[in-house]
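Before any comments, here is the structure.
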Amino acid sequence: MTIEPRKVYLVDDDPAVRKTLRRGLERRGFSVETFKSAQEFLDCYHPKQPGCLVLDLSMPEMDGLELQQELVNRDIKIPIIFITGHGGVPQSVQALKAGAIDFLEKPFLPDSLTARIEAGLIQDKINRDEKQKIESIRIKFGLLTEREREVAQLMLDNDANLSNKQMAKILGISPRTIEQHRSRVLEKTHAKSAAHLRSLASLIGLTPANTE
Amino acid sequence: MTFLDRFMPHGMCYAWQPDILWLNIISDASVAIAYLSIPFALVRILRKRTYKPYRGVIVMFSVFILACGLTHIMSIIVVWNGYYGIQGLLKAFTAIASIGTAIMLYPVVPKILALRSPVELELEESNNALHQEMEQRKRTETQTSELQNELAHMGRLTTMGQMATGLAHELNQPLLAISQSADTALLDAKKNSNADPELIDCLEDIQSQTQRAGEIIRALRQFMSKDTENRSGINLNALISQTIQLLGPDARKHNVTLTSRTNVIPKPIADRVQIAQVLFNLLRNSVDAIASGNCRERQVTVETRRNKNEVSVVVDDTGPGLADGVVPFKAFESSKTDGMGMGLSISRSIIESHGGKLWFEEAPGIGARFSFTLPVLADDN
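These protein sequence lines map, in sequence, to chains Y and Z. Under our numbering, the first residue of the first sequence carries the number 5, and numbering increases by one thereafter. Under our numbering, the first residue of the second sequence carries the number 136, and numbering increases by one thereafter.
Listed below in structure tokens is the structure:
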């Protein structure tokens, strides 16, 4: 048993499929939550919960592809493994283009599904770590005071490599104060250098001349 | 005496007896006047009519009757002046004209007999028109029945194919469940160190045989979906009117009006018969829905529209809409007592295999609306 619960969300309109897949996956140490429709999943799933989505392609009302689209619209990045009894090539291409991990035709061997789920969970972890990292950078940047933000912006804009004196002139404060602000900015954002600060800023979508 | 000289006047033969003399003269004069007037009438006819049947005969007849007239005038002249030579020449000419006319007339007689009166002609014209219309109808009927035959043939093929596909989908679900259950049982059995090896073998067999069944279904489906070579640019509007024709008797029986509102649309690349099958399915569903629903308004409308990269066809009906709990497009599910539940499922597969979409919505007002789209090339006009 791993420390993190290996969570699988299963959406399929067929109760027999839900029951047997859930049992099989649980025996293999996954924690499984089942949903009988795409809508039910949308209603119950919270994006904060890690996991991997095993999704039936053809369902009445909202089908698998539509749910995938809806998740993209809601900016929810859960890895998806499609399972289908139809095996339509065009749909599989569309699904994979929209970021699905894989497309399995029923009946598949349980091992091939679990292998994909493992990959999906790793992908989810990476996505979440990335998201968390970005979130923490955003928080750190949020700690900056208004003046520090002005200095940070100048540091981001700094193609000309402005000296403290030049910055001081622009902002109308003393070079000494600029120096203090600069080190506070680096300290608060955990940046090692101005270049590092720029790369962190770009991760959260901050570009030169656009700190807000 | 030469040939053209004057001989004794013919009046001498009458002994100048006035009654005989004048009887002959007046009779000859009357006959001549009558004869001479006939060619004028004939010439008039020939001039006025643009259509001139038997022109030769008429001209010949005019010459003949003219000559006859002249011989009678000559008979009057010779009463006082005995130009019998000239009279003979004139008679000879008349004889030739008469014989010529007679010869020309005989072959024409049956044709003239066959000539029709204006009433008959009128009758014939309307007869012709009727005939043409019948031909046209027959052509349309032939086209429609050709489509019907094609549909029936294709229908059998696709129904087979789609039943296989539908069946495949329906079967894949339980197969997956069987496979999963066997696998779980296998997992449990293997945990147990003194498990019966035969049991494990059994479970492994179940597992591998469900996979095999899955392979068979997959192969079947691939075999069925290969058929894309029959595609070409199709005239959707024409296909719609043919389908409406085809359903005409059925619709009339149920007192349902089928109308189309077609717009100018580009030709989608598609399999004509397959699309006809979709149209047929949708329209017949609508007719059936209205027939079963005892509706006051009994109207099915098909509309074509042009969108950006696709054309769409919308089928509206004034029927009762879908019954609660009926999931459209699901194979083997039907609200009709005699339905197989394949129509919509097949139709959707066909449209999707063409890269389009087929969907259902409640129609504005009352009834059901089924729409489908087919992609067209962006620069296609």
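C-beta atoms are modelled at their ideal positions from N, C-alpha and C, and glycine is treated no differently.
Residue i - containing alpha helix (DSSP H), residue span
{"i": "W215(Z)", "result": "R190 to W215"}
{"i": "L509(Z)", "result": "Where L509(Z) is concerned, there is no enclosing alpha helix (DSSP H), although the beta strand (DSSP E) it sits in stretches over A503 to P510."}
{"i": "C48(Y)", "result": "A42 to C48"}
{"i": "E65(Y)", "result": "Looking at the DSSP string, E65(Y) is not in any alpha helix (DSSP H), and its letter there is neither H nor E."}
{"i": "E183(Y)", "result": "P179 to T193"}
{"i": "R184(Z)", "result": "No alpha helix (DSSP H) holds R184(Z); DSSP gives it neither H nor E."}
{"i": "L374(Z)", "result": "L371 to K388"}
{"i": "Q152(Z)", "result": "Where Q152(Z) is concerned, there is no enclosing alpha helix (DSSP H), given that its DSSP letter is neither H nor E."}
Opening and closing residue of the beta strand (DSSP E) in which residue i lies
{"i": "F495(Z)", "result": "L493 to E497"}
{"i": "D406(Z)", "result": "I404 to D406"}
{"i": "I87(Y)", "result": "I84 to T88"}
{"i": "Y13(Y)", "result": "K11 to V15"}
{"i": "L393(Z)", "result": "T392 to R396"}
{"i": "E109(Y)", "result": "D106 to E109"}
{"i": "T137(Z)", "result": "No beta strand (DSSP E) holds T137(Z); DSSP gives it neither H nor E."}
{"i": "D452(Z)", "result": "E445 to D452"}
{"i": "V36(Y)", "result": "S35 to F39"}
{"i": "C60(Y)", "result": "Cys is not the amino acid found at residue 60(Y); the sequence shown has Asp there. C56 to D60 is the extent of the beta strand (DSSP E) around D60(Y)."}
{"i": "Q136(Y)", "result": "Note, Q136(Y): premise wrong, no beta strand (DSSP E); alpha helix (DSSP H) at P114 to G146."}
{"i": "T436(Z)", "result": "Q434 to R441"}
When the options are compared against residue i, the one with the closest alpha-carbon
{"i": "A237(Z)", "options": "V214(Z), I193(Z) and L250(Z)", "result": "I193(Z)"}
{"i": "P114(Y)", "options": "V58(Y), L210(Y), G103(Y) and E150(Y)", "result": "V58(Y)"}
{"i": "R78(Y)", "options": "D47(Y), I126(Y) and I105(Y)", "result": "D47(Y)"}
{"i": "I121(Y)", "options": "V15(Y), G146(Y) and F34(Y)", "result": "F34(Y)"}
{"i": "L286(Z)", "options": "Q377(Z), G349(Z), E268(Z) and G223(Z)", "result": "Q377(Z)"}
{"i": "I425(Z)", "options": "V408(Z), I501(Z) and I410(Z)", "result": "I501(Z)"}
{"i": "I486(Z)", "options": "P455(Z), G454(Z), G456(Z) and E445(Z)", "result": "E445(Z)"}
{"i": "L205(Z)", "options": "L225(Z), G368(Z) and E432(Z)", "result": "L225(Z)"}
{"i": "A119(Y)", "options": "T88(Y), D16(Y), S167(Y) and L29(Y)", "result": "L29(Y)"}
{"i": "N398(Z)", "options": "M239(Z), N372(Z), S316(Z) and L171(Z)", "result": "N372(Z)"}
{"i": "D161(Y)", "options": "L25(Y), E65(Y) and S206(Y)", "result": "S206(Y)"}
{"i": "R431(Z)", "options": "R366(Z), L417(Z), W494(Z) and G454(Z)", "result": "G454(Z)"}
{"i": "A411(Z)", "options": "C337(Z), S314(Z) and R366(Z)", "result": "R366(Z)"}
{"i": "G103(Y)", "options": "G89(Y), Q136(Y) and V76(Y)", "result": "V76(Y)"}
{"i": "R190(Z)", "options": "L156(Z), A303(Z) and L240(Z)", "result": "L240(Z)"}
{"i": "I143(Y)", "options": "Q157(Y), G68(Y) and H194(Y)", "result": "H194(Y)"}
{"i": "K110(Y)", "options": "S62(Y), A156(Y), I80(Y) and E152(Y)", "result": "S62(Y)"}
Cβ-based burial, residue i [other Cβ within 10 Å; buried from 16]
{"i": "N420(Z)", "result": "buried"}
{"i": "Q72(Y)", "result": "buried"}
{"i": "E216(Y)", "result": "For E216(Y), the predicted structure reports a pLDDT of 41, less than 50, and the residue's modelled location is therefore unreliable. A value from the coordinates is still provided. Burial call: exposed."}
{"i": "Y13(Y)", "result": "buried"}
{"i": "M171(Y)", "result": "buried"}
{"i": "T229(Z)", "result": "buried"}
{"i": "P403(Z)", "result": "buried"}
{"i": "I168(Z)", "result": "exposed"}
{"i": "Q409(Z)", "result": "buried"}
{"i": "A150(Z)", "result": "exposed"}
{"i": "V189(Y)", "result": "buried"}
Straight-line Cα distance separating residue j from residue i
{"i": "I173(Z)", "j": "I200(Z)", "result": "7 Å"}
{"i": "D163(Z)", "j": "D154(Z)", "result": "14 Å"}
{"i": "A20(Y)", "j": "Q308(Z)", "result": "8 Å"}
{"i": "A324(Z)", "j": "L100(Y)", "result": "37 Å"}
{"i": "F138(Z)", "j": "K183(Z)", "result": "43 Å"}
{"i": "E333(Z)", "j": "T319(Z)", "result": "16 Å"}
{"i": "E134(Y)", "j": "L125(Y)", "result": "14 Å"}
{"i": "K11(Y)", "j": "K129(Y)", "result": "11 Å"}
{"i": "V214(Z)", "j": "M195(Z)", "result": "29 Å"}
{"i": "L414(Z)", "j": "S447(Z)", "result": "12 Å"}
{"i": "I160(Z)", "j": "A264(Z)", "result": "58 Å"}
{"i": "K169(Y)", "j": "C56(Y)", "result": "53 Å"}
{"i": "L80(Z)", "j": "K326(Z)", "result": "Residue 80(Z) lies beyond the range of chain Z shown here (136 to 516); nothing can be said about it."}
{"i": "A254(Z)", "j": "D140(Z)", "result": "The residue asked about is misnamed: residue 254(Z) is Val in this sequence, not Ala. For V254(Z) and D140(Z), the distance between alpha carbons rounds to 57 Å."}
{"i": "D60(Y)", "j": "L204(Y)", "result": "39 Å"}
{"i": "P51(Y)", "j": "L338(Z)", "result": "39 Å"}
{"i": "A198(Y)", "j": "L69(Y)", "result": "44 Å"}
{"i": "G220(Z)", "j": "L158(Z)", "result": "24 Å"}
{"i": "R433(Z)", "j": "A249(Z)", "result": "54 Å"}
Residues near residue i by beta carbon distance below 7 Å, same chain, minus five either side
{"i": "V422(Z)", "result": "L382, D385, A386, H389, V391 and V435"}
6 Å CB neighbourhood of residue i in its chain, flanking five on each side removed
{"i": "A232(Z)", "result": "V198, F199 and A202"}
{"i": "N442(Z)", "result": "none"}
{"i": "V449(Z)", "result": "E438 and S506"}
{"i": "D106(Y)", "result": "I85 and R120"}
{"i": "T345(Z)", "result": "L310, I313 and S314"}
Short CB-CB distance (under 8 Å) between residue i and chain C
{"i": "K40(Y)", "result": "You won't find chain C in this structure, because its protein chains are Y and Z."}
Contacts around residue i, its chain only, beta-carbon distance under 8 Å, and the 5 residues preceding and following it disregarded
{"i": "N416(Z)", "result": "G478, L479, I481 and S482"}
{"i": "Q43(Y)", "result": "E65 and M66"}
{"i": "D336(Z)", "result": "none"}
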